[in-house]
Amino acid sequence: MPTLLQPRVVIYDGVCHLCHRGVKWVIRADKHRKIKFCCLQSKAAEPYMKLCGLEREDVSRRFLFVEGPGLYHQASTAALRVMSYLPLPYSALSAFLVVPTPLRDAVYDYVARKRYDWFGKEDECLVLREQDLLDRFIDRDEILEKSRTAL
Numbered sequence: 002m003p004t005l006l007q008p009r010v011v012i013y014d015g016v017c018h019l020c021h022r023g024v025k026w027v028i029r030a031d032k033h034r035k036i037k038f039c040c041l042q043s044k045a046a047e048p049y050m051k052l053c054g055l056e057r058e059d060v061s062r063r064f065l066f067v068e069g070p071g072l073y074h075q076a077s078t079a080a081l082r083v084m085s086y087l088p089l090p091y092s093a094l095s096a097f098l099v100v101p102t103p104l105r106d107a108v109y110d111y112v113a114r115k116r117y118d119w120f121g122k123e124d125e126c127l128v129l130r131e132q133d134l135l136d137r138f139i140d141r142d143e144i145l146e147k148s149r150t151a152l
């Protein structure tokens with residue numbers, strides 16, 4: 002992994018209300034600040050996707066967790082690996098990794114297909130509305146620049 006890329010980064014759909022709520026929840030639960038975030042729609046996400054051999058469309062369907070050099074996960078496995086970094090009781094949820102991946106991902110994919118209908122979608126990365134969250138985002142400078150140019 003190139004030195005500029007950080008470990009434990011979640012690349013998620015920044016315009017999805019459900020995804021944004023999930024990120025906010027992880028930020029609150031992650032007392033030791035182990036997990037960082039990046040909106041899929043930002044340029045900062047591109048090197049992570051390239052490293053993993055994924056396209057933006059792949060990550061828009063199944064979020065990406067880059068755990069470290071050569072180690073990344075998507076969909077339900079990504080969610081459970083993120084949980085493993087959180088304090089108890091949340092880290093205990095990573096025990097669901099024993100459930101077969103196809104079964105877990107079938108549920109994940111169903112929710113992912115319906116998420117915009119059920120929870121809504123925006124035109125820009127939702128974190129712009131909550132500036133206090135920005136210090137956890139590796140793409141914060143890009144997000145702030147977009148907000149300044151939008152004014």
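Take the sequence shown: its position 89, counting from 1, is numbered 90 in this note's numbering, and each next residue is one higher. All C-beta atoms in this analysis are idealised placements derived from N, C-alpha and C, irrespective of residue type, glycine included.
* **Outcome for A93 when other beta-carbon atoms lying within 10 angstroms are tallied against a minimum of 16** => Exposed, by the Cβ-count rule.
* To do: Using alpha carbons as the reference points, say which of E143, F120, E56 lies closest to V16.
  => F120
* Mind checking Q1: buried by the 16 CB within 10 Å criterion, or exposed? -> Limits of the chain in this structure are 2 at one end and 152 at the other, which puts residue 1 out of reach.
* **I12 - DSSP class collapsed to helix/strand/coil** => strand
* To do: Compare the beta carbon distance of V10 and I139 with 8 Å and say whether it is the shorter of the two.
  => Cβ distance < 8 Å, so V10 and I139 count as in contact.
* To do: Please report how far the alpha carbon of G54 lies from the alpha carbon of H74, in whole angstroms.
  => 12 Å
* Asked: Using 8 Å as the threshold, is the region 102-109 in touch with the region 75-88, meaning 3 or more CB pairs across them?
  -> yes
* Grab the span of the alpha helix (DSSP H) containing V112 for me, first residue to last. => 102-120
* Asked: Roughly how many angstroms separate the alpha carbons of A96 and R105, rounded to a whole number?
  -> 12 Å
* To do: Compute the Euclidean distance between the alpha carbons of P3 and L65, then round it to the nearest angstrom.
  => Annotation note: pLDDT 41 at P3 (below 50); position unreliable, no value reported.
* To do: Could you check the C-alpha separation between K37 and K115 for me, to the nearest Å?
  => 26 Å
* Straight-line Cα distance separating R62 from D118 -> 14 Å
* Excluding sequence positions up to five away, which residues of its chain have a Cβ less than 7 Å from the Cβ of L72? -> none
* Asked: On the three-state DSSP scale, how would you describe G23?
  -> Three-state result, G23: helix.
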